[in-house]
Amino acid sequence: MAQVGIVMGSDSDMPVMAKAADVLEELGVSYEMTIISAHREPEVFFEYANKAEEKGFKVIIAGAGMAAHLPGMCAAIFPMPVIGIPMHTSSLGGRDSLYSIVQMPSGIPVATVAINGGANAGILAAKILATSDGELLQRLKDYSRKLKESVQAKDAKLQETGYKNYGK
1 MAQVGIVMGS
11 DSDMPVMAKA
21 ADVLEELGVS
31 YEMTIISAHR
41 EPEVFFEYAN
51 KAEEKGFKVI
61 IAGAGMAAHL
71 PGMCAAIFPM
81 PVIGIPMHTS
91 SLGGRDSLYS
101 IVQMPSGIPV
111 ATVAINGGAN
121 AGILAAKILA
131 TSDGELLQRL
141 KDYSRKLKES
151 VQAKDAKLQE
161 TGYKNYGK
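Just so we're aligned, residue 1 is where the sequence shown starts under our numbering, counting upward by one.
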């Protein structure tokens with residue numbers, strides 16, 4: 001049974017949403033990915049959001065661009081955490097998406113990551129789940145340690161080669 005629902009309004013969102021899925025896979029968190037347009041197929045969306053808890057989802061990651069209603073509407077129906085990913089848009093650079101997701105009315109919160117922040121959405125979902133899963137918490141700690149070691153290795157290379165030879 002999937003613990004996280006990943007939903008996007010369009011397949012054009014797939015490259016960003018895939019980053020959330022990749023992180024969840026790396027951390028051993030089960031998920032289900034779906035494309036649903038809240039505007040073009042509202043009945044399908046309402047069924048998805050209404051059945052998400054019954055399906056076992058503990059967190060929903062919802063990505064949307066432009067009017068970006070998908071995350072907020074998920075939060076209006078789904079009683080557990082929703083993480084919104086604002087998508088970069090060609091007209092306003094994703095600010096439209098960001099404002100639509102982050103400016104939710106009182107009582108309907110959506111945790112919001114950076115524009116195109118798929119990886120952080122996956123990490124945040126895992127951190128939410130880790131509050132009641134010690135094994136997942138350890139995998140998150142190991143993930144953070146690998147990030148730290150990666151930065152330290154890059155610095156060691158810089159110190160060894162100097163900045164002029166770093167990329168060569």
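By construction, the Cβ of each residue, glycine as well, lies at the ideal position given by its N, Cα and C atoms.
#### Entry: Neighbour-count burial assignment, residue 131, 16 or more Cβ in a 10 Å radius
exposed
### Query
Within this structure, are the beta carbons of residue 126 and residue 140 separated by less than 8 Å?
yes
### Message
Within the continuous beta strand (DSSP E) that includes residue 113, where are the two ends?
### Response
That residue, residue 113, is in no beta strand (DSSP E); it is neither H nor E in DSSP.
### Residue range of the alpha helix (DSSP H) that includes residue 151
134-161
### Query
Fully enclosed by the region 41-90, which alpha helix (DSSP H) runs are 4 residues long or longer?
42-51 and 69-77
### Task
Taking all protein chains shown into account, decide if residue 13 is buried (16 or more other Cβ within 10 angstroms of its Cβ) or exposed.
buried
### Query
Considering only C-alpha positions, which residue in the set 124, 8, 137 and 52 is nearest to residue 67?
8
### Task
Determine which residues share a DSSP beta bridge with residue 31 and list them.
4
### Message
Just verifying my parser: in three-state terms, what is the DSSP assignment at residue 10?
### Response
coil
### Query
Roughly how many angstroms lie between the CA atoms of residue 167 and residue 154, to the nearest whole one?
11 Å
#### Entry: Classification of residue 152 by the beta-carbon crowding that lies within 10 angstroms, buried from 16 upward
exposed
### Task
Figure out for me which residue from 72, 6 and 28 has the closest Cα to the Cα of residue 133.
28
### Query
What is the DSSP secondary structure of residue 105, reduced to helix, strand or coil?
coil
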